[in-house]
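Notes follow once the structure below has been shown.
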Amino acid sequence: MTQIELDKIDRKILAILQADGRLTNQEVAERVNLSPSPCLRRIKRLEDAGVIRKYVALIEAEKIGLGLLAYINVRLDKHTDTPAKGNSRSPRIDFAASVEQWPEVVACYAMTGEMDYLLRVRVEDMNHFSRFMMETLLKHSAVLDVKSSFALQEIKDTTALPLSGI
Numbered sequence: 001m002t003q004i005e006l007d008k009i010d011r012k013i014l015a016i017l018q019a020d021g022r023l024t025n026q027e028v029a030e031r032v033n034l035s036p037s038p039c040l041r042r043i044k045r046l047e048d049a050g051v052i053r054k055y056v057a058l059i060e061a062e063k064i065g066l067g068l069l070a071y072i073n074v075r076l077d078k079h080t081d082t083p084a085k086g087n088s089r090s091p092r093i094d095f096a097a098s099v100e101q102w103p104e105v106v107a108c109y110a111m112t113g114e115m116d117y118l119l120r121v122r123v124e125d126m127n128h129f130s131r132f133m134m135e136t137l138l139k140h141s142a143v144l145d146v147k148s149s150f151a152l153q154e155i156k157d158t159t160a161l162p163l164s165g166i
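So this is what it looks like as structure tokens:
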């Protein structure tokens with residue numbers, strides 16, 4: 001993946017948009033001391049280059065009833081690295097595709113080390129978590145082992161990337 005060259009103004013635009021993606025181009029332009037047209041061109045270039053992926057509303061999970069945050073380490077069965085009969089995909093590809101369909105999984109990472117994947121899961125409560133584990137995750141044919149941890153307290157949770165060092 002090629003990196004895009006970012007100058008000081010680009011980084012400032014990104015920092016501003018990370019803090020508030022609903023600002024108008026005029027407001028962003030004023031904050032970076034540019035006129036609206038060059039500011040818009042810069043933002044468009046950042047969008048076209050894929051630096052800015054999308055604009056979203058960040059929702060407070062607890063306020064909508066998703067108060068339990070769990071992290072699940074998943075280890076796949078290494079002996080099933082060949083596709084099952086009638087399935088052309090490997091278990092890893094099949095697992096990744098399955099995860100995409102599970103709404104409880106809000107993030108999934110392929111990992112190095114002892115476990116193959118790390119899932120970040122948002123659910124209502126322990127009953128919801130139990131149903132997800134028993135009826136979905138543990139029923140997947142490629143899953144060999146899981147280890148769960150629960151967040152007790154949120155210390156820091158941000159979507160903002162550190163821009164000062166780049």
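The numbering of the sequence shown is UniProt numbering, which starts it at 1 and goes up by one.
C-beta: ideal position from N, C-alpha, C; glycine also.
The three-state secondary structure of S149, taken from DSSP, is strand. Selection A160, L68 and T159 evaluated against Q153 yields L68 as nearest (Cα-Cα).
Cβ neighbours of R11 within its own chain (closer than 6 Å, five residues either side excluded): L163.
In terms of Cβ geometry, I72 and L119 form a close pair [threshold 8 Å]. Per the C-alpha coordinates, the member of D48, K54 and Q3 positioned closest to R22 is K54. Boundaries of the alpha helix (DSSP H) harbouring A97: P91 to E100, taken from the DSSP string. The Cβ atoms of E104 and F150 lie no closer than 8 Å to each other. Secondary structure at V123: strand, using DSSP grouped into helix, strand and coil.
Around the beta carbon of R45, fewer than 16 other beta carbons sit within 10 angstroms, so the residue counts as exposed. Excluding its 5 nearest sequence neighbours in each direction, D125 has C-beta neighbours in its own chain below 6 Å: L68, listed in chain order. Membership of L40 in the alpha helix (DSSP H) is indicated by the continuous run P36 to D48. The beta carbon of A142 sits closer than 8 Å to those of L76, D77, T80, P91, R92, D94 and F95, all from its chain and outside the five residues before and after it, given in chain order. Setting aside the 5 residues that flank it on each side, I43 is surrounded in the same chain by I13, L17, N25, V28 and I52, each with a C-beta closer than 8 Å to its C-beta; the list follows chain order. Here the C-alpha atom of L40 lies approximately 12 Å from the C-alpha atom of V32. In chain order, A29 place their CB closer than 7 Å to the CB of S35, counting only its own chain and leaving out the 5 sequence neighbours on each side.
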